[in-house]
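A short worksheet on the structure shown next.
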Amino acid sequence: MNRIRTGALAALFLALLVSVGACRGAQEQPSVVQGAHAAAVTIFPTRAAPNTTDQSTPAALSAAPTRSATNPSPTVAPSPSPIPSPIPSPTPTAIDTRLPLSRTINVLVLGSDRRPRMPNWRTDVMMIIAMDMEKGEAGVISIPRDVYLDKIPNHRPNRMNVVDYLGEQDEPGGGGPKLLASLIQEKMGVPIHYYLRFEFEGFKKVIDALGGLEIEIDCPAREYLIEEDVVFSLEPGWHRLSGEHALAYVRARNQGGDLERARRQQRVVWAVRNQVLQENLLPKLPALYAALKDTVQTDIGLITAIRFARFALSLDQEDIHGLVISPPDLVKEGWRGGMFVFIADWPKIAERVQTVFDRPPLIQTNTVGETGDRTRCP
């Protein structure tokens with residue numbers, strides 16, 4: 000069976016772990032949605048909107064073969080194609096098997112702003128979901144999109160959020176995640192075993208297929224969305240967000256920039272996990288399948304996805320930990336090649352990510368309040 004379809008059939012796993020398509024773009028005209036508990040999401044228009052069963056840790060993804068020439072990125076992206084069988088590639092960077100993340104199953108989750116008729120696209124979401132199947136723990140590591148890479152095989156230095164696109168130009172149908180996985184392993188010492196890429200339309204459809212996303216917001220979110228020419232506003236409290244509004248929530252960068260957005264993405268992951276656990280998904284599986292089959296690319300097979308779903312559903316809230324790679328010690332703001340970027344301290348990042356399971360539970364690490372680790376909103 001086509002790998003995209005088998006991944007889509009395992010909607011339970013996908014909805015749990017990859018509701019992080021914090022990508023750009025919402026085409027429909029916004030509206031007002033009442034929150035789950037008397038809170039409200041308000042969109043202010045500024046003008047009329049246009050009409051496996053193996054229990055062992057699998058082999059990590061390997062980088063695509065390198066070319067001899069160094070070229071700038073092409074200007075036209077190919078249309079998405081089915082994910083092929085694994086392609087033989089060079090031996091990846093050696094992994095220290097004593098490290099915690101060398102013994103976990105690591106899934107690279109990507110959120111793409113790719114759209115029809117759009118020649119170029121970027122990866123606005125980069126997360127590593129690390130699953131320790133033996134200890135019953137999971138870690139979520141968020142990588143800022145603006146991290147600068149001074150070396151990208153076959154290409155000029157650039158931000159990390161273009162690597163997926165560049166790799167797809169070199170090797171359509173999976174070369175992007177493969178290239179990004181090789182760089183993550185080289186820089187951070189984390190092997191990547193599987194990948195899953197969401198497009199923004201898929202994220203919205205998944206949330207709508209779930210009947211909306213119920214989530215408690217701790218900090219206000221307000222952002223002018225240039226492409227839609229609307230102002231998005233969300234106040235603290237309980238809300239049930241439509242797919243469009245959930246997308247706007249994880250996109251907003253006006254309060255706290257890209258790092259705050261990464262924290263919101265992790266909160267959304269947790270909210271979806273809770274909702275899937277509490278609600279009966281069986282009647283919604285056909286809609287989830289329809290939402291995923293054309294907007295998700297993955298190399299996760301059906302049996303493996305079911306295994307991951309069962310694992311995710313078995314976790315307690317204390318078993319899921321979160322880490323956002325952030326200033327001041329892991330990355331610093333700067334300029335490279337005329338671009339505002341984050342300059343990474345890779346040795347320190349490689350050391351820090353190995354401590355993800357030592358961090359407080361995800362439910363606490365991105366929360367303002369008595370039980371959280373943050374004292375105020377940005």
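First residue of the sequence shown? That's 0 in numbering that gives the first Met the number 0, and the numbers climb one at a time after it. From the three backbone atoms N, C-alpha and C, an ideal C-beta is built for every residue, glycine too.
Could you check where the beta strand (DSSP E) with residue i kicks off and where it finishes?
| i | result |
| --- | --- |
| Val-323 | 319-323 |
| Leu-109 | 104-111 |
| Val-230 | 229-233 |
| Trp-334 | 330-335 |
| Ala-343 | 338-343 |
Work out the CA separation of residue j and residue i for me, nearest whole Å.
| i | j | result |
| --- | --- | --- |
| Gly-337 | Ala-308 | 43 Å |
| Pro-219 | Phe-231 | 11 Å |
| Ala-286 | Val-295 | 14 Å |
| Pro-435 | Glu-259 | Residue 435 falls outside the range modelled here, since the chain spans only 0 to 377, and no answer is possible. |
| Ser-313 | Ile-319 | 11 Å |
| Arg-358 | Val-323 | 11 Å |
| Trp-334 | Val-161 | 17 Å |
| Glu-243 | Pro-282 | 22 Å |
| Pro-235 | Ser-111 | 27 Å |
| Leu-107 | Asp-149 | 21 Å |
| Asp-228 | Leu-182 | 36 Å |
| Arg-158 | Val-146 | 6 Å |
| Leu-284 | Lys-203 | 15 Å |
| Asp-382 | Glu-185 | An answer regarding residue 382 cannot be provided, because it is not within the stretch 0 to 377 covered by the chain. |
| Ile-206 | Leu-109 | 17 Å |
Residue range of the alpha helix (DSSP H) that residue i falls in?
| i | result |
| --- | --- |
| Gly-236 | Looking at the DSSP string, Gly-236 is not in any alpha helix (DSSP H); the run it does join, the beta strand (DSSP E), is 236-240. |
| Gly-175 | 174-187 |
| Ser-101 | Premise fails: Ser-101 is in no alpha helix (DSSP H) and is neither H nor E. |
| Thr-380 | Outside the shown range of the chain, which is 0 to 377, sits residue 380, and nothing can be said about it. |
| Ala-311 | 301-313 |
Could you check what DSSP says for residue i in three-state terms: helix, strand or coil?
| i | result |
| --- | --- |
| Thr-52 | Model confidence at Thr-52 stands at a pLDDT of 44, short of 50, so the residue's coordinates are unreliable; what they give is reported in the following sentence. In the structure shown, Thr-52 sits in coil (DSSP, three-state: anything other than H, G, I, E or B). |
| Ile-362 | helix |
| Glu-215 | strand |
| Leu-195 | strand |
| Asn-273 | helix |
| Asn-119 | coil |
| Ala-35 | With a pLDDT of 39 at Ala-35, under the threshold of 50, the modelled position of that residue is not reliable, and the figure given next carries that caveat. Ala-35: coil per DSSP, three-state reduction. |
| Asn-160 | helix |
| Ile-142 | coil |
| Arg-114 | coil |
| Met-126 | strand |
| Arg-262 | helix |
| Leu-60 | coil |
With 8 Å set as the bound, which would you pick, yes or no: does the beta-carbon of residue i sit closer than that to a beta-carbon of chain D?
| i | result |
| --- | --- |
| Ala-270 | No chain D is part of this structure, which consists of one protein chain only. |
ask   = Taking contact to mean at least 3 C-beta pairs separated by less than 8 Å, is the segment 342-355 in contact with the segment 93-103?
value = yes
ask   = Taking three-plus beta-carbon pairs below 8 Å as touching, is the segment 322-336 in contact with the segment 267-277?
value = no
query = With a cut-off of 8 Å, do at least 3 Cβ pairs link the segment 197-205 to the segment 138-149?
reply = no
The segment 128-136 contacting the segment 165-178, beta-carbon criterion three pairs below 8 Å = No: fewer than three Cβ pairs fall under 8 Å.
ask   = Three or more beta-carbon pairs under 8 Å between the segment 259-266 and the segment 292-303, yes or no?
value = no
ask   = Are three or more beta carbon pairs between the segment 230-249 and the segment 211-218 nearer than 8 Å?
value = Yes, since at least three Cβ pairs between the segment 230-249 and the segment 211-218 fall closer than 8 Å, the two stretches touch.
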